[in-house]
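Counting with my numbering, you get residues 6 to 205 for the letters of the sequence shown. A virtual CB, placed ideally from N, CA and C, is assigned to each residue, including glycine.
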Amino acid sequence: MGRTQLERKADTRERLVRAAAELFGSLGFHSVSTDAVAARADRTSGAVYAHFGSKQGLLLAVLEEWRSETAADAEVELDAATDLDARTEALWRTLSSRTGERGDAWLMLEMELWLHAARQPELRQLLAERYDEIRHEMAHAFEEWAATAGSSLASPPDEMSTLVLALLLGLGLQRRMEPESVSDELAGRGIRSLLGLGAG
Numbered sequence: 006m007g008r009t010q011l012e013r014k015a016d017t018r019e020r021l022v023r024a025a026a027e028l029f030g031s032l033g034f035h036s037v038s039t040d041a042v043a044a045r046a047d048r049t050s051g052a053v054y055a056h057f058g059s060k061q062g063l064l065l066a067v068l069e070e071w072r073s074e075t076a077a078d079a080e081v082e083l084d085a086a087t088d089l090d091a092r093t094e095a096l097w098r099t100l101s102s103r104t105g106e107r108g109d110a111w112l113m114l115e116m117e118l119w120l121h122a123a124r125q126p127e128l129r130q131l132l133a134e135r136y137d138e139i140r141h142e143m144a145h146a147f148e149e150w151a152a153t154a155g156s157s158l159a160s161p162p163d164e165m166s167t168l169v170l171a172l173l174l175g176l177g178l179q180r181r182m183e184p185e186s187v188s189d190e191l192a193g194r195g196i197r198s199l200l201g202l203g204a205g
């Protein structure tokens with residue numbers, strides 16, 4: 006039975022996002038043309054504009070896919086964690102320590118977005134809103150962790166989420182440059198130290 010038009014559109018969108026993730030992450034956003042993305046996805050460049058409006062729109066779609074996938078992974082891992090050690094390790098794994106080629110590609114894409122946003126005020130605002138949402142979710146989680154531990158955070162939750170997010174991104178990038186310098190144990194200890202809640 007033939008696929009519906011909606012199914013074909015969804016397939017084309019998925020192909021383009023996957024191709025863009027691979028190319029943007031390995032070659033850089035500015036080095037990749039819409040034609041190259043379309044060719045990798047076995048589609049036309051017109052499909053890129055039809056689905057995303059522009060190459061920048063495609064980049065945002067790729068990063069939104071990353072955000073949704075990461076949030077889903079984090080929810081599963083954090084729900085399974087039984088103590089503070091396990092929670093901080095799950096946070097590190099899902100946000101900054103994704104392994105393999107895909108993990109490297111996602112981190113590189115994140116850096117690509119930061120660099121591009123630094124030159125584009127409109128994109129900078131979108132990125133700021135995205136990180137505000139992430140920090141808000143983290144702040145809520147940290148409040149729950151503190152309540153469970155019968156303790157209090159070292160700083161207000163919104164400030165704490167800013168500090169922890171900076172640590173995660175920085176350690177994630179450093180690990181890609183010098184893998185031996187950032188162990189999972191060190192990352193977890195750093196998060197716990199910032200939170201001020203002690204071991205689980």
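With distances taken between CA atoms, Val-169 lies nearest to Arg-140 out of Arg-140, Leu-191, Ala-151 and Ser-186. If you ignore the 5 residues before and after Asp-40, its C-beta comes within less than 7 Å of the C-beta of Ser-50, all in its own chain and listed in chain order. For the pair Gly-30 and Ala-24, the Cα-to-Cα distance works out to about 10 Å. Annotation for Leu-176: the continuous alpha helix (DSSP H) segment containing it runs 162 to 182. Taking Arg-129 as the centre and dropping the five residues before and after it, the same chain places the C-beta of Ala-122 and Ala-123 closer than 8 Å to its C-beta, in chain order. Remark: C-beta atoms of Leu-68 and Leu-120 do not approach each other more closely than 7 Å. Taking 7 Å as the cut-off, the Cβ atoms of Trp-97 and Trp-71 do not count as close. Val-22 and Ala-66 do touch by the CB rule: their CB atoms are close to 6 Å apart, below 8 Å. Per DSSP, Gly-155 is not a residue of any alpha helix (DSSP H), being assigned neither H nor E. Relative to the Cα of Glu-138, the nearest Cα in the group Glu-12, Ala-76, Arg-20 and Glu-190 belongs to Ala-76.
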